[in-house]
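The next block holds one structure in the form of structure tokens; read it before the comments.
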Amino acid sequence: MAKPKTFDLETLSLHAGQRPDPATGARATPIYQTASYVFKDTDHAASIFNIERTGHVYSRISNPTNAVLEERISALEGGVGAIATASGQAAMHLAIATLMGAGSHIVSSQSLYGGTHNLLAYTMPRFGIDTTFVDPRDPKAFRQAIRPNTRLLFGETLGNPGLEVLDIPRVADVAHQAGLPLMIDSTFTTPYLCRPFDLGADIVMHSATKFLSGHGVVIGGLLVDGGIFDWEASGLFPTLTEPYEGFHDLDFAEEFGPAAFITRARKEGARDFGACMSAMTSFLILQGLETLPLRMQKHVDNARKLVDYLDGHEAVDWVIYPELPEHPDHELAKTLLPNGSGAVFSFGVKGGRAAGQRFIERLELVSHLANIGDAKTLVIHPASTTHHRMDTAALEAAGISEGLVRISVGIESIDDLIEDIGQGLRASQKA
Amino acid sequence: MQLEINGHDAYVATGNREPDRQKETVLFIHGTGQDHTIWVLPTRYFARHGRNVLAVDLPGHGRSGGEPLESIEAMADWVVQVLDAAGLSQAAVVGHSLGSLVAIATAARHPDRVRAIALVGVTVPMPVSGFLLDNAKHDRHEAIEMLNFWGYSKSAQLGGNATPGNWMLGGGMRLMEKAGPGVIHTDLNACNKYIEGLEHAANVACPALLILGERDMLTPVRSAMKVAEALPHAEKAILEGSGHALLAERPDPVLDQLIRVV
Numbered sequence: 000m001a002k003p004k005t006f007d008l009e010t011l012s013l014h015a016g017q018r019p020d021p022a023t024g025a026r027a028t029p030i031y032q033t034a035s036y037v038f039k040d041t042d043h044a045a046s047i048f049n050i051e052r053t054g055h056v057y058s059r060i061s062n063p064t065n066a067v068l069e070e071r072i073s074a075l076e077g078g079v080g081a082i083a084t085a086s087g088q089a090a091m092h093l094a095i096a097t098l099m100g101a102g103s104h105i106v107s108s109q110s111l112y113g114g115t116h117n118l119l120a121y122t123m124p125r126f127g128i129d130t131t132f133v134d135p136r137d138p139k140a141f142r143q144a145i146r147p148n149t150r151l152l153f154g155e156t157l158g159n160p161g162l163e164v165l166d167i168p169r170v171a172d173v174a175h176q177a178g179l180p181l182m183i184d185s186t187f188t189t190p191y192l193c194r195p196f197d198l199g200a201d202i203v204m205h206s207a208t209k210f211l212s213g214h215g216v217v218i219g220g221l222l223v224d225g226g227i228f229d230w231e232a233s234g235l236f237p238t239l240t241e242p243y244e245g246f247h248d249l250d251f252a253e254e255f256g257p258a259a260f261i262t263r264a265r266k267e268g269a270r271d272f273g274a275c276m277s278a279m280t281s282f283l284i285l286q287g288l289e290t291l292p293l294r295m296q297k298h299v300d301n302a303r304k305l306v307d308y309l310d311g312h313e314a315v316d317w318v319i320y321p322e323l324p325e326h327p328d329h330e331l332a333k334t335l336l337p338n339g340s341g342a343v344f345s346f347g348v349k350g351g352r353a354a355g356q357r358f359i360e361r362l363e364l365v366s367h368l369a370n371i372g373d374a375k376t377l378v379i380h381p382a383s384t385t386h387h388r389m390d391t392a393a394l395e396a397a398g399i400s401e402g403l404v405r406i407s408v409g410i411e412s413i414d415d416l417i418e419d420i421g422q423g424l425r426a427s428q429k430a
Numbered sequence: 000m001q002l003e004i005n006g007h008d009a010y011v012a013t014g015n016r017e018p019d020r021q022k023e024t025v026l027f028i029h030g031t032g033q034d035h036t037i038w039v040l041p042t043r044y045f046a047r048h049g050r051n052v053l054a055v056d057l058p059g060h061g062r063s064g065g066e067p068l069e070s071i072e073a074m075a076d077w078v079v080q081v082l083d084a085a086g087l088s089q090a091a092v093v094g095h096s097l098g099s100l101v102a103i104a105t106a107a108r109h110p111d112r113v114r115a116i117a118l119v120g121v122t123v124p125m126p127v128s129g130f131l132l133d134n135a136k137h138d139r140h141e142a143i144e145m146l147n148f149w150g151y152s153k154s155a156q157l158g159g160n161a162t163p164g165n166w167m168l169g170g171g172m173r174l175m176e177k178a179g180p181g182v183i184h185t186d187l188n189a190c191n192k193y194i195e196g197l198e199h200a201a202n203v204a205c206p207a208l209l210i211l212g213e214r215d216m217l218t219p220v221r222s223a224m225k226v227a228e229a230l231p232h233a234e235k236a237i238l239e240g241s242g243h244a245l246l247a248e249r250p251d252p253v254l255d256q257l258i259r260v261v
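Structure below.
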């Protein structure tokens with residue numbers, strides 16, 4: 000007897016979360032640009048407020064266009080539910096604020112997006128939540144950093160800028176042995192290259208601004224609940240397992256089972272913190288998601304060809320990409336990221352800071368800016384831009400050499416990319 | 000609410016309210032490998048609308064202890080023990096899938112304890128394929144995939160959840176993944192061997208409502224008609240486009256139908 004199957008990722012990227020609009024028959028997802036929703040009568044209103052019936056109350060908490068995006072990313076990741084937020088940073092904060100309060104502690108990879116590092120290292124401590132940063136290549140370091148008040152382990156699928164491949168299964172084991180969830184920032188890889196829940200993670204977040212959208216026209220975030228973690232068995236998460244006075248003593252784990260985390264995040268976090276996504280933003284991200292599989296494959300194909308071109312180029316000192324045999328995580332990448340190690344990588348321009356600056360300024364097709372994951376190829380030279388105040392020693396301490404260039408490879412013709420980068424590299428060597 | 004039945008913990012969700020003997024009671028029974036959480040919306044509704052609500056976790060499921068019961072009749076008798084332990088004389092019994100068989104058996108075996116039944120996704124008999132039983136026997140994930148890929152309509156597998164932001168198929172799979180070893184097999188086996196169902200249905204004296212999914216592949220509408228014909232006082236509602244997972248796929252229409260009888 001043939002095993003039943005459900006839909007594949009390519010189909011879900013196009014369809015998940017949406018049916019033709021019942022009111023108009025519109026095939027595309029309508030933009031529900033409304034703040035609020037009319038109730039049929041007072042009892043209908045009360046039943047929606049009290050989670051007895053489904054429906055929308057106010058677009059800060061839920062919106063029909065956002066719901067399509069949320070369901071689509073849930074389906075792509077294999078989770079139980081998601082919340083669309085104003086940015087990736089808002090998704091990160093929503094997760095933390097849902098799981099813990101003052102006096103709590105996080106163990107995080109030290110190789111992080113700078114904005115996340117700022118949030119964990121400088122901002123959350125003002126609210127009583129501290130973070131210990133550890134080497135993402137050392138699962139034992141995660142274990143050793145866990146304290147009695149730790150409530151979350153966190154890392155990125157691919158670290159920044161070293162592209163450390165997080166050993167999600169091993170770090171998840173460490174987390175689960177301590178009764179803790181593991182949250183993964185999967186922005187660099189998207190579900191096309193990695194589904195963290197399949198590897199043992201419990202919560203996933205994205206900056207949807209990046210590869211999920213591909214067009215670079217919106218800021219948005221997504222928080223996805225795997226529905227796997229047993230909050231009751233852990234006993235460390237009263238926000239999910241004890242009556243919540245702010246919602247008539249609702250016990251989220253008792254009433255919502257696998258969807259406890261995402262339901263609390265919506266009923267409290269979206270309601271109270273308010274970092275919601277606009278319907279127009281959701282619509283634009285959905286347009287990008289429809290072509291995610293096609294784009295990601297092209298991103299990876301181009302990245303591989305560009306790595307080949309740069310590796311051994313006379314004006315390039317080094318290239319960091321997990322698919323290169325000399326990368327410390329080469330074997331792990333083959334196991335965890337068999338379809339590709341993403342399209343963001345770093346390389347060193349010979350000649351240090353000045354050469355890196357000349358390279359960047361000579362580029363004509365490739366854009367110089369602070370973002371990744373656009374369909375267009377993007378570069379940044381930290382030593383002359385984001386980190387320009389740092390001297391050589393300070394840069395080295397941050398893991399950034401003076402000639403380091405980070406590139407997010409787009410989906411242009413690879414020949415055109417190589418021509419532009421080639422002429423930039425030639426210019427970089429002319430002092 | 001935690002009760003003790005036959006020396007084991009028995010969990011019953013009550014909508015955060017203590018049972019009151021002066022009020023009418025609605026008792027909900029989940030399906031194979033599930034627990035009380037599938038009823039979260041109707042339990043909250045009926046609790047606010049003046050009913051006692053008892054959404055049980057069958058033995059060995061969810062928060063209830065003990066081993067899963069091996070027959071539908073044993074489950075029906077256990078349901079009455081729940082009513083006894085809660086100090087309640089009678090209830091409207093609402094069941095989904097396996098739970099719907101338990102509702103029929105409870106009404107037939109204990110007619111004075113049941114004032115109405117609602118059967119959400121039902122057919123009698125409820126044969127289970129050997130392929131599915133074998134996968135369940137070995138606790139293979141394929142059994143959970145079969146129950147959910149066949150349980151949700153194709154349209155629902157793509158989504159369009161009435162509950163904003165949640166993916167129905169993911170929620171259905173995760174809930175069954177929490178079932179302990181052997182639980183799904185025991186449940187499926189109980190469904191498969193419940194051959195007295197039509198005879199029991201013919202003896203149900205109380206009003207009955209069948210809520211059926213037009214595209215239900217596990218308990219198809221045409222099979223459910225036999226139950227409707229056997230029940231002396233049956234009404235039926237067929238929800239357009241829905242698969243077997245009616246509570247996830249059509250939560251509000253299911254509630255609207257339940258309000259008619261319970």
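Which chain is which? The protein sequence lines are A and B, in order.
Under numbering that gives the first Met the number 0, the first residue of the first sequence carries the number 0, and numbering increases by one thereafter.
Under numbering that gives the first Met the number 0, the first residue of the second sequence carries the number 0, and numbering increases by one thereafter.
For each residue, glycine too, the CB sits at the ideal point set by N, CA and C.
- residue 425 (chain A) versus residue 156 (chain A): straight-line alpha-carbon distance, rounded: 33 Å
- Message: Which runs of the beta strand (DSSP E) at least 3 residues long sit entirely within the segment 130–154 of chain A? Give them in chain order.
- Response: none
- Identity of the residues DSSP links to residue 10 (chain B) by a beta bridge: B:1
- Task: Name, please, each residue of chain A whose Cβ falls closer than 8 Å to the Cβ of residue 5 (chain B).
- Result: The premise fails here: residue 5 (chain B) is roughly 23 Å from chain A at the closest Cβ pair, so nothing lies under 8 Å.
- What are the boundary residues of the alpha helix (DSSP H) that residue 149 (chain B) is part of? 140–150
- Query: Which full runs of the alpha helix (DSSP H) of 4+ residues lie inside the segment 167–232 of chain B, going along the chain?
  - Reply: 167–176, 182–191, 196–201, 220–229
- Locate the beta strand (DSSP E) running through residue 81 (chain A), then write down its first and last residues. 80–84
- Short-range partners of chain B found in the segment 68–87 of chain A, where Cβ spacing is below 8 Å: 69, 70, 71, 73, 74, 77, 78, 79, 80, 81, 82, 83
- Quick one: which residues of the segment 43–70 of chain B get their C-beta closer than 7 Å to a C-beta of chain A? List them in chain order. 43, 44, 47
- Message: Among A:292, A:308, A:342, A:346, whose alpha-carbon lies nearest the alpha-carbon of residue 318 (chain A)?
- Response: A:346
- Task: Under the assumption that residue 104 (chain A) contacts residue 146 (chain A) (Cβ atoms under 8 Å), give the Cβ distance between them as a whole number of angstroms.
- Result: 5 Å
- Message: Against residue 263 (chain A), what residues of chain B qualify as contacts under a CB-to-CB distance less than 9 Å, listed in chain order?
- Response: The contacting residues do not exist; residue 263 (chain A) stays about 13 Å from chain B at best.
- Task: Pull out every residue of the segment 161–194 of chain A whose Cβ sits closer than 7 Å to any Cβ of chain B, in chain order.
- Result: none
- Secondary structure of residue 234 (chain B), DSSP reduced to three states: strand
- Query: So, does the CB of residue 249 (chain A) fall closer than 9 Å to a CB anywhere in chain B?
  - Reply: yes
- Task: Please say whether residue 8 (chain B) and residue 29 (chain B) have beta carbons closer to each other than 9 Å?
- Result: no
- Consider the Cβ of residue 310 (chain A): report whether some Cβ of chain B lies at a distance smaller than 9 Å. no
- DSSP three-state call for residue 6 (chain A): helix, strand or coil? coil
- Which chain B residues sit within Cβ distance under 7 Å of residue 3 (chain A)? 144, 145, 148, 149
- Task: Helix, strand or coil for residue 205 (chain A), going by three-state DSSP, please let me know.
- Result: strand
- Item | 9 Å Cβ cutoff, residue 447 (chain A) in contact with chain B | In the structure as shown, chain A begins at 0 and stops at 430. Residue 447 (chain A) is therefore absent and cannot be evaluated.
- Query: When you compare each of A:129, A:279, A:75 to residue 96 (chain A) by their alpha carbons, which one comes out closest?
  - Reply: A:129
- Query: What are the start and end residues of the beta strand (DSSP E) that includes residue 344 (chain A)?
  - Reply: 343–348
- Going by the beta-carbon positions, is the gap between residue 60 (chain A) and residue 263 (chain A) smaller than 9 Å? no
- Members of the segment 6–22 of chain A that neighbour chain B once the beta carbon cut-off is set at 7 Å: 6, 14, 15, 16, 17, 18
- Query: Does any residue of chain B bring its CB to less than 9 Å from the CB of residue 50 (chain A)?
  - Reply: yes
- Which residue from A:387, A:349, A:376 puts its Cα closest to that of residue 362 (chain A)? A:376
- Below-9 Å beta-carbon distance, residue 34 (chain B) vs any chain A residue: yes
- Buried versus exposed call for residue 121 (chain A) [16 or more other C-beta atoms within 10 Å across all chains shown]: exposed
- Contacts around residue 214 (chain A), its chain only, beta-carbon distance under 6 Å, and the 5 residues preceding and following it disregarded: 287
- Could you tell me the boundaries of the alpha helix (DSSP H) in which residue 300 (chain B) lies? Residue coverage of chain B in this structure runs from 0 to 261, which leaves residue 300 (chain B) outside it and unanswerable.
- Query: Taking the beta strand (DSSP E) that residue 317 (chain A) falls in, what are its first and last residues?
  - Reply: 315–319
- Item | Coil, strand or helix - residue 114 (chain B) by DSSP | strand
- According to DSSP, is residue 183 (chain A) helix, strand or coil? strand
- Query: Which first and last residues belong to the alpha helix (DSSP H) in which residue 196 (chain A) is found?
  - Reply: 195–198
- Message: Does the CB of residue 170 (chain B) have a neighbour CB from chain C at under 9 Å?
- Response: Protein chains A and B are contained in the structure displayed, whereas chain C is not.
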